[in-house]
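Here the sequence shown is numbered in the UniProt record's numbering, starting from 1 and rising by one per residue.
Yeah, the Cβ is synthetic: ideal placement off N, Cα and C, and Gly gets one too.
Each remark here refers to the structure printed beneath this line.
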Amino acid sequence: MKNLLIVIACFVSFLTYSQENPPKAPCLTGDLLQKLTETFPEVKERLELQDKSIYEEGMQLSRNALAIPPSGSITIPVVVYVVHDGTPLTNISDAQVNAQLLALNNYFLNTGIQFCLATKANTTSPVPVANASDIQTTTGIIHVNNPGLSNHFSSSQSSLVATASPQITKDRYLRIWVVKSIDGNNSGILGYSMYPNTSPVFDGIVMRYDVFGNGNPNLLANYNMGKVLVHEVGHYLALYHTFDGSCSNTSNNCLLDGDHVCDTPAVAAPNFNCVPGTNSCPETPPVLDDLSNYMDYGNHNCQNHFSTGQIQRMLTTLNLYRNTLFESDNIIYTGTCGSSNLLSATISANDFSPCASPTAATSFTAPSAQTYLWDFGDAFSTVANPNTATTQVGSHIYTSAANSPYTVTLTVTGSNGQSKTSSVLVYVTNCTTIANSNSYWYVDAGNGLSFSTGKAVFDPTFPINNSTNVSCNSQCDSSGNLLFYTNKFKVWNNQHALINGTDLMLNTSSSKSNQVLIVPKPPVSGNTITQYYIFTQQSHNSGASDIGFRYNIVNVSGTNATMGALRQPVTLPAGNGFSTATDGALLGSVCISAVKKCDSNDYWIITLLKKGTTPYLVVFSLSSSGLTYQSEQQIVGTTPFLSDSSIYMAPNGNKLFLMHPYGSVSVQCRLFDFNKAQGIVSSSYSIISIPETPLPTYAQMFGAAFSPNSNLLYVTDFYAKKIYQFNINSIAINNSRKEIISTTDGPWTLKNGPDGKIYVAMSNTTNNYQKLGIIHAPDTVATNQDPNACHFSVNGPKTTSFAYRVGPELPNNIDAQQATAYFSPNTTNVISKYITACNTYKFFPNVCGTAFAWTFTNTTLGTSTTSNVTNPTYNFSQNGNYLITLKDINNVTLGTTSIDIITAPIPAISGSSTACLTQTNANVTSNSVGLQAGETGVWSITGGTGTITGPANLESVNVSWSALPGTLSFTMTNAMGCTSTNTKTIAPFCPNLNNQTFTYSDFQIKPNPSTGIFIISSGSYAGKASIEVFDMQGRMVSKESSFDFNKQKTIDLSALQSGVFIVKIFGDDFSNAMQIIKE
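Encoded structure:
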């Protein structure tokens, strides 16, 4: 991942000069953005997407009549860092800081936003400081004596950010740094701010001490009213300068042009003064510049307002990009003003993934409240181990994993009688001891994760100073004892002592664990491993002198590790045509993976190399004699070369996923077959893609993992913060994509754990995420009805250290091992099969051998076919039961499996058969089908004219018809990839409702659709009324006569089948009919 220091600084230059000196350029934003976008186009794309999102959200809110909330409705926690040089002049007083915040709140009074000092971080009070020498007399105001940092340069923001405790994060606090100077004493720069979601390093506001306050004697004469901070907070909430875009109108949409606000006049250039009557842009009729707007550069004597449009843009930005700031839980967490009156039911737990145990209790903690009621959701509870508790800290012993996940519910009440309820899921596991080469992980950025007890637990003894530069890997012996670990530069032994004096690789910007792989060196005799390879792949375009495919050796005696050979080039004879470094090291991409060979200590090593600009997947055989070339497969249609790719192997060793982080459609991610018996990558492949995010073209898809059963593939969407699941045992694999979760952080990388779960690094280098996510049931296929059937949870193992984040990289361990890729003859998993077309499968042997014989027998007809291909593809052309037999070259049976081939059933369509085009809301039909496991389908309109509302690939569908008769079709694909289609004719029919005059036309029915309860309301009618309900054939199915209607009536139609109905409500002088959908 490229770590970009994106400096978007808005500088307000208000220094007093003599009359002969013209004003200095007050803002560097335009120049900085221009330089950044020329170098990194993703900066522009990211800002454009953000503006588009704000525009779309703003349009939605305006349609719903967005109202500016009352003053003080939205509270933003603030922490102020006074970074001074040790003198009273720059070490401004707490009173001056408070005067600035009071002025800020007065200026924001009509926006609904207020700013208050934070007093704590969770239970820590006062606000934690980064250094013991920092002084905090008033909570939330921290004085840092650092003369060097006090003279701040905007190009080195990370040092300034480090003055804040890691607990004071950008998502929970508005952090303001007050310094002596910015970019030198003569720059004229008085402050800058950061737009949301722009920089991975800095978020907050930097201010000069002599413009921070209100009426204080040490402030600049013309700017002593605290309005510079108002301007910078505007940028913090995504406001542009009023003169951005000058007089141009490129899109002819005021919400997308200029400052993206419609009620601020266009301004040609910054106004440094307050000259009345200024009109810098020609308009008809003329519109004067808004000199008094906070987002121009007039001095404090005339600045006095935000426009209504600017206020709405700030509120929209808060809702979209800074919503954590003002959430009730965060106000309580930060101890900000008003927090004592708030109530929260957020649940904390010491473990969200406990082991089932007869004695070990899981404890849950609630925020402070008046009363507490816990429900632990456990049907196995007893009198001694009750299912409820009424204390702030509740505990429960989960003795069984049978009903996992368990829903834990907390209800709290406050002193004023108000109550809140929340729930969390607890995933209980039957834990068994894990002792293998994958039992202990070295996790970015300086964490040890142990699986020895059967569940993942961070090692509290791991030295946090042994940090990684994103890349990480570790190695245990076969008994699960940690031997050594590496961050691609350094290697430490199991006592955490450094064992290499020279780095494994030279420093580069690459940030992927895939470029480092640890593989046991096959011994010449016996099975005792005494050496390990650390393979590295320095990208061909890294600029480092050690580019290319290389290896290092670690010697092991017992559990004692020492360093051997370093940076040895992997070479091939020149006749192979691969590009090489000057010392012969093969050049390629930063990706290496491996597959265990069967019943030996040998491995297949797979990497991506290049011939000129053409990429190849290259397979090497690793034996006791070293690496030898085995095969190659050209990757066609890729421009540019895949310089930063990743290779992921399925646990069964039969599938290879080549992933790249680019969003460009010209470079596609591909799923290949792998012949692990002979070390060959298939020439055919399936495209794997996710919805392209118009953000940076780099690093959208950044992590992947196969399910333990190798039938599913998971990938992360770094920018959209989503995880997708693909069913690779389907014909159209890319069409099987399901979004299983959308998160607020990450996700970055995925990794198969030795416990059968998939772990998710949620950190994205811009946060301090302290825990991993988990996919608890990764073999479970996601459905439309249950997209998170695989049970993803953000509440994975949590580190006890707050000094470093957890992730974003996880170790590049070998997934295709002996235990997952090969099985004993005539056991369950000896044969793998993947569907490729209707009743057509490709078969893979998961058993030792290099040559095989397959027999496909239709036991119904008594016919059979044979094949000697290692991975045959077979079409089952006739119905019947088939027995598939796998034998070795000596005709010894290794395994069997069976398949039943049947004709795909015709899907039955239920629901509406008529619609009415002449009655209000009666033109909508509702239909559905019932799908079995593995079946998918799609709706289409094949007759008449209409519009499908919502997704067309769900079991139920609503259609709004505009021309009848119509034909609604559903095409189903069964689990064997075969399709069948059925149709439903929609006839025109309008039930006779005996409509009278619509004296009252404001009747509404909500919710609609509903599962049964509908509320009919009118703002104007009260009196006697009757209700009749008709189905779409005109038959009355419910009736209630002559009741008293007082602006609202609830009807219960739960007993009716799902479908579309007409509700008629009428009285002596009115009649009204409305369509409803009963789900």
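- DSSP, read as helix, strand or coil, puts Val80 in strand.
- Ranking Ser913, Lys984, Cys116 and Asn921 by CA distance to the CA of Ile941 puts Lys984 first.
- For Ser478, same chain residues with a beta-carbon under 7 Å away, outside a window of 5 residues either side, are Asn436 and Ser437 in chain order.
- The continuous beta strand (DSSP E) containing Ala987 extends over residues Thr979 to Pro988.
- About 16 Å separates the beta carbon of Ser1020 from that of Asp1044, a gap too long to meet the 8 Å contact definition.
- The straight-line gap separating the alpha-carbon atoms of Ala952 and Ile901 is approximately 28 Å.
- For the set Pro747, Ala777 and Thr799, the Cα lying nearest the Cα of Asn709 is the one of Ala777.
- By the C-beta criterion, the segment 846-863 is judged to be in contact with the segment 822-833, since at least 3 inter-stretch pairs fall below 8 Å.
- DSSP, read as helix, strand or coil, puts Ser154 in coil.
- Going by DSSP, Phe380 is part of no beta strand (DSSP E) at all; its letter is neither H nor E.
- Within the segment 113-179, the complete beta strand (DSSP E) runs of at least 3 residues fall at 113-117, 141-145 and 174-179.
- With fewer than 16 other Cβ atoms from the protein chains shown falling within 10 Å of its own Cβ, Arg1035 counts as exposed.
- For Gly234, the secondary structure class from DSSP, reduced to helix, strand or coil, is helix.
- Collapsing the DSSP output to three states places Glu48 in a helix.
- A direct Cα-Cα distance of roughly 15 Å separates Phe706 from Phe792.
- Counting along the chain, the unbroken alpha helix (DSSP H) around Met314 starts and ends at Thr308 to Tyr321.
- Thr744 carries a coil assignment under DSSP once its states are collapsed to helix, strand and coil.
- Taking the CA atoms as reference points, Val78 sits about 15 Å from Pro166.
- Cβ-Cβ distances below 7 Å link Ser251 to Asp257 in the same chain, with the five nearest sequence neighbours on each side left out; the list follows chain order.
- A contact between stretches requires three or more CB pairs, one per stretch, nearer than 8 Å, and the segment 778-798 fails this requirement with the segment 611-623.
- Assignment of beta-bridge partners to Lys1039 by DSSP yields Glu1028.
- When only Cα atoms are considered, Gly679 and Gly946 end up about 53 Å apart.
- Taking C-beta atoms as the reference points, Ile168 and Val82 fail to come closer than 8 Å.
- Thr536 carries a strand assignment under DSSP once its states are collapsed to helix, strand and coil.
- DSSP, reduced to helix, strand and coil, places Thr614 within a strand of the structure shown.
- With fewer than 16 other CB atoms across the displayed protein chains lying within 10 angstroms of its CB, Asn301 is exposed.
- Remark: C-beta atoms of Val516 and Thr562 do not approach each other more closely than 8 Å.
- The beta-carbon distance between Ser600 and Tyr648, rounded to whole angstroms, is 23 Å. This is too long to meet the 8 Å contact definition.
- Along the length of the segment 662-736, whole beta strand (DSSP E) runs at least 3 residues long occupy 669-675, 680-688, 701-706, 712-717 and 722-727, reported in chain order.
- Between the segment 82-96 and the segment 285-298, the count of C-beta pairs closer than 8 Å stays below three; the two stretches do not touch.
- Around the beta carbon of Ala933, fewer than 16 other beta carbons sit within 10 angstroms, so the residue counts as exposed.
- Under the criterion of beta carbons closer than 8 Å, Ala908 and Val929 qualify as touching, at roughly 6 Å.
- For a cut-off of 8 Å, the C-beta gap from Thr242 to Asn273 is around 15 Å, too long to register as a contact.
- In the structure shown, the three-state DSSP call for Ala349 is strand.
- Here the C-alpha atom of Ser159 lies approximately 44 Å from the C-alpha atom of Leu712.
- According to the DSSP assignment, Ser419 belongs to the beta strand (DSSP E) that extends over Ser419 to Val426.
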